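Structure first, then comments.
Residue numbers (the numbering used here), protein chains in the order written: chain A, -2 to 453; chain B, -15 to 460.
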């Protein structure tokens, strides 16, 4: 394929106008001894050849019936989402610097911001961040910046990769990260929050539902956090907010999370988007793009990028973040996703997740050789941890043979991630599985899973 | 005026609904239940489709018009890339699937890393970064970690005043202090000036080559020698790589570490502001510090390796923006070595052609030749309080997206134009004619037309000052 405008007649004319003999002359400024030899790169395929070549590569991947979550989920994506984000007027546009020629993107972001605020119960949302993990890292930086304190308390029940990304982001800052323990019920240990919270604590980061699927007591921890005048950062699954308390209801200062569940395909964990909403008082400190409403010369409503004096292209090294490109198209998917349910439908979607997960949980924990890891704590959204006496490897092998992506084997998984540093408590998950059941799983799929588990 | 979603909301049946084949019985304790009303809109699928279709039509996009945004490389986004990224066997994969079940994904990533090495002259690549600035940030963390590993205290980064704003912002985020370097009027760096500020505390210098004025850094061999002589590293901002593919490799110029914007050079769409992908490349001595996991080839299999003790860690959950990575790889396989070189040649030809048509009429601070982009400085031609902003808005009236304006910061009233290789001579001519007409004729004879612009867009000129003074950031 060749996507250039190349055409010999035009080339000749252009070369003449420029006043050179050939194109090579335009590169004369580059020292001869630095010039590259011909690249060793295969290619030159036609569209038809590309489709066949990549079909072959794609066939080396397996699409499975998923009972695995841990940050990325198989959720229903309405047809409208694909239709809207598939419009080339959206996906081939750039960051809307020229507002008058970008009202489509700008209004959609404004609507996205409004929907994220409605969902989280907070005042101000930005236009999106790269993903959930980086959104949490940005929230930690925001808390440090606003409070001028130096300690971040972070739950050990936060997704391990999120913890690792926060660690990376804070690596060269003066900030100190302290991990809060997880108790036997799968929740963040409140005693460790009390013990570590002090006047130097900038922020407390808690995820609910947490990495293990458990709903945390956000209300209590938020109250405790505020006693030290620290910021409470709620990491939430936006779908769960159809049923569970919104961050605004328990006075979170910042709500962040992963937006993949709102209309983005799994695609190996990216591309997705991260969202961030804050209390009004933090509006000028928030990282990333923000769209605001204004009027044109004729008094018509219109939308522009605003509060730009926070950003890198104006403030350079004093900006609130280095972010420029974000995840606009996936945020648009989120906007389209959130606009079509109504309150009743969105709540029902969350309830179906809980009910289906609950059905699977009840059946699995009653199988011989399986039990609930967190005992009596049975409040979860769509994930739960089961401990087994059986051979975990064998189970997932058999499931895979049946084209099922089985639950995440936490022990093996934590070993894999260990080189990057993990909270101590994650070592205690031998023979434990993290199951995920979304609205996508049918009763017969769940029953089949249970049947296979019972026979291994 | 298109209504907002909340204004479209009615009592009707919403667009989406679901049923469950398992009894809905969530049993959530009252104390954990949401009391706050959701206030989500209630809109039918028909009305929603109209709403978002109408919104899309209020965008100027690459698919509707020429988008000469300097430094952003708004080249054609091939449709076959999009089609392949939507294959179920790419889109419906979970990141924690056993690597044996995603060998196709790992093959794409592994081979893209190899191709990027060949194009850039680097030894290793990491694809985890979600954008250019994210690539800069991870590179700077690597630089910091490298100096820590050899027990040297170097806390400063040199950034030329012509650099993108993300450069100093990323360096600051990585914990460095910024030492600004004044560049020449063509954006180039004078080795003598560099020497003056090159102290033992300097960890690295960040350079964009060609620079943001579109000129190649002709002193690069000397700069490389001076920087390395000081024990510092040389960082390559790959925003302008589109000018030099197959012509010269950053690795051969002496750069130690760099990022590439797949959403610029490698044709993946900008999506209205992302998602992008900003892979980083390093010379072998920096490989131990790359983010994890690394993709390796072992026998007939690709594996994920998490065992690198010196790694800077993770920059993003999972493995990067895989669909963007895939699209970039499809693009490279469509072009091959010859096609890639042809891209840079045509991009440079197109830019020089436009520049040649402008240079006798409008001041060009960097001279009569450029690489893939150039900057106009029309200030002296402006009378009647006309500004570059007015010119940009007037261009919208003619159906063009505006070039990058007021950047680089070292050129007053700058207009920065990057045509890319995918635009035809006809398109370039029409744009040049229009811009010359606006700056040389309308600005003098009918300045009010510029001040009033745009008038042919869906909204007139928007009041940005008011938006910031009295922020309305969501619907009521």
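By construction, the Cβ of each residue, glycine as well, lies at the ideal position given by its N, Cα and C atoms. Keep in mind it's a predicted model, so treat the numbers as computed, not measured.
Per DSSP, residue 400(B) is one residue of the beta strand (DSSP E) stretching across 399 to 401. The contact set of residue 340(A) on chain B, defined by CB atoms closer than 8 Å, consists of 21, 22, 23, 24, 26 in chain order. A direct Cα-to-Cα measurement between residue 146(A) and residue -11(B) gives close to 40 Å. Straight across, the Cα-Cα distance linking residue 247(A) with residue 274(A) is about 14 Å. The beta-bridge partner set that DSSP reports for residue 293(A) consists of 446(B). Counting only the Cα atoms, residue 429(A) lies some 35 Å from residue 170(A). For residue 407(B), the nearest beta carbon of chain A is closer than 9 Å to its own beta carbon. Residue 273(A) does not reach chain B, its nearest Cβ partner there being about 13 Å away, counting only Cβ pairs nearer than 9 Å. Beta-bridge partners assigned by DSSP to residue 164(B): 143(B). Rounded to whole angstroms, the gap between the alpha carbons of residue 384(A) and residue 367(A) is 6 Å. In this structure, the beta-carbon distance from residue 209(A) to residue 370(A) falls below 9 Å.
In this structure, DSSP gives residue 211(B) a helical state, which the three-state scheme calls helix. Of the residues 376(B), 26(B), 251(B), 175(B), the one whose Cα lies closest to the Cα of residue 415(B) is 376(B). Residues of chain A with a Cβ closer than 7 Å to the Cβ of residue 1(B) are, in chain order, 342.
Taking one beta carbon from each stretch, the stretch 54 to 61 of chain B and the stretch 34 to 48 of chain A have fewer than 3 pairs nearer than 8 Å; the two do not touch. When CB distances to chain B are screened at a threshold of 7 Å, not a single residue of the stretch 177 to 210 of chain A falls below it.
At least one C-beta of chain A is nearer than 9 Å to the C-beta of residue 254(B). Counting only runs of 4+ residues, the alpha helix (DSSP H) found wholly inside the stretch 72 to 145 of chain A occupies 76 to 82, 85 to 88, 100 to 117, 129 to 144, in chain order.
In this chain, the alpha helix (DSSP H) harbouring residue 216(A) covers 215 to 224. Here residue 212(B) is exposed. Its C-beta has fewer than 16 other C-beta atoms within 10 Å. Contacts with chain A (Cβ-Cβ distance below 7 Å) from the stretch 378 to 405 of chain B involve 380, 385, 386, 405, listed in chain order. When the five nearest sequence neighbours on each side are left out, the beta carbons in the same chain lying within less than 8 Å of the beta carbon of residue 305(A) are those of 311, in order along the chain. If you check the CB distance, residue 147(B) and residue 357(B) do not come in under 9 Å. Taking each of 400(A), 336(A), 93(A), 74(A) in turn and checking the Cα distance to residue 46(B), the smallest one comes out for 93(A).
Shown here for residue 75(B): same chain residues with a beta carbon closer than 8 Å to its own, the five before and five after excluded, namely 69, 307 in chain order. Rounded to the nearest whole angstrom, the CA to CA distance from residue 61(B) to residue 250(B) is 9 Å. With its beta carbon less than 9 Å from one in chain A, residue 303(B) belongs to the interface. Look at residue 429(A): its C-beta is not under 9 Å from any C-beta on chain B. Residue contact check for residue 155(A) against chain B: no CB pair falls below 9 Å. Per the DSSP secondary-structure output, residue 152(A) pairs in a beta bridge with 177(A). Burial of residue 199(B) is indicated by the presence of at least 16 other C-beta atoms within 10 angstroms of its C-beta.
Excluding five sequence positions before and after residue 449(B), none of the CB atoms of its chain fall closer than 8 Å to its own CB. The shortest C-alpha to C-alpha distance from residue 66(B) to any of 353(B), 172(B), 310(B), 348(B) is the one to 310(B). Secondary structure of residue 365(A) (DSSP, three-state): coil. Your pair residue 321(B) and residue 319(A) does not check out as a contact, with CB atoms roughly 34 Å apart and the cut at 8 Å. Proximity of chain B to residue 289(A) at the Cβ level (cut-off 8 Å) is accounted for by 451, 452, 455, 456, 457, in chain order.
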